[in-house]
Amino acid sequence: MGVQIRIDGGYQIEKELFFGYTYTHTGLINLSSELGEAMRYNEPEIIIIDYPGEYDVKGRFIKAVLGKNNKLNYLIQGKNKKFGIIQSADVLELDEVGGMDTWLYFGENIEKKFEQLEMEGDLINLETIEKESA
Numbered sequence: 002m003g004v005q006i007r008i009d010g011g012y013q014i015e016k017e018l019f020f021g022y023t024y025t026h027t028g029l030i031n032l033s034s035e036l037g038e039a040m041r042y043n044e045p046e047i048i049i050i051d052y053p054g055e056y057d058v059k060g061r062f063i064k065a066v067l068g069k070n071n072k073l074n075y076l077i078q079g080k081n082k083k084f085g086i087i088q089s090a091d092v093l094e095l096d097e098v099g100g101m102d103t104w105l106y107f108g109e110n111i112e113k114k115f116e117q118l119e120m121e122g123d124l125i126n127l128e129t130i131e132k133e134s135a
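Numbering-wise (my numbering), the sequence shown opens with residue 2 and increments by one.
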């Protein structure tokens, strides 16, 4: 069971999530790539997750984990899918990170960490997808 990914100003995932965006999308759950403000005001119609924690949004359980260089990493479950979005290799060593069917990630160093830790699940390098769509 693969994960649907489309590039359009960011990575549109499963027609519901928007990651690595250059703009926010009012109809999607916006997943920031970097740590944001602790509290947002005056944006009730836009869903933005940009802070570590656990969120239950639109039938999906989303856990945001902060990694090195203030990069956010996500574990997403719901609607018969479990997948992670990984930007920081260091979070892969945390006990709470695991059990996903599919891993979306950036960079060779993260792929090597998956192999080193012998983590299970399909691996999708988002950098490769970006190059293919260009």
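Using N, Cα and C, we set each Cβ at its ideal position, and we do this for glycine too. Source: prediction; values computed, not measured.
Should residue 76 and residue 101 be called a contact, given that it needs their Cβ atoms to be closer than 8 Å? Taking the sequence shown and counting its residues from 1, the one referred to as residue 76 is at position 75. Taking the sequence shown and counting its residues from 1, the one referred to as residue 101 is at position 100. Going by C-beta atoms, residue 76 is nearer than 8 Å to residue 101.
Buried or exposed (CB count within 10 angstroms, at least 16 for buried), residue 12: Against the sequence shown, residue 12 aligns to sequence position 11. Classification of residue 12: buried, given that the 10 Å Cβ count is 16 or more.
Cβ neighbour criterion (16 or more within 10 Å) applied to residue 118: By 1-based counting over the sequence shown, the position of residue 118 is 117. Counting Cβ neighbours within 10 Å, residue 118 comes out exposed, since fewer than 16 surround it.
Boundaries (first-last residue) of the beta strand (DSSP E) holding residue 64: Within the sequence shown, residue 64 is the residue found at index 63, counting from 1. Taken as a continuous stretch (DSSP letters only), the beta strand (DSSP E) holding residue 64 covers 61-67.
Start and end of the beta strand (DSSP E) containing residue 86? Locating residue 86 in the sequence shown gives position 85, where the first residue counts as 1. 82-87 is the span of the beta strand (DSSP E), which, as asked, contains residue 86.
CB of residue 91 within 8 Å of CB of residue 68, strictly: Position 90 of the sequence shown, counting from 1, holds the residue named residue 91. Position 67 of the sequence shown, counting from 1, holds the residue named residue 68. Against a cut-off of 8 Å, the Cβ pair of residue 68 and residue 91 comes out as a contact.
In angstroms, rounded to a whole number, what distance separates the CA positions of residue 28 and residue 17? Along the sequence shown, one-based indexing puts residue 28 at 27. Along the sequence shown, one-based indexing puts residue 17 at 16. Looking at the two C-alpha atoms, the distance is approximately 8 Å.
Classify residue 32: buried if its beta carbon has 16 or more other beta carbons within 10 angstroms, exposed otherwise. Locating residue 32 in the sequence shown gives position 31, counting from the first residue. Counting Cβ neighbours within 10 Å, residue 32 comes out buried, since at least 16 surround it.
Endpoints, beta strand (DSSP E) assigned at residue 20: As a working note, residue 20 is residue 19 in the sequence shown. Where residue 20 is concerned, the enclosing beta strand (DSSP E) stretches over 18-20.
Which residue's Cα is closest to the Cα of residue 86: 94, 124, 24 and 95? Position 85 of the sequence shown, counted from the first residue, corresponds to residue 86. Here the closest residue by C-alpha is 124.
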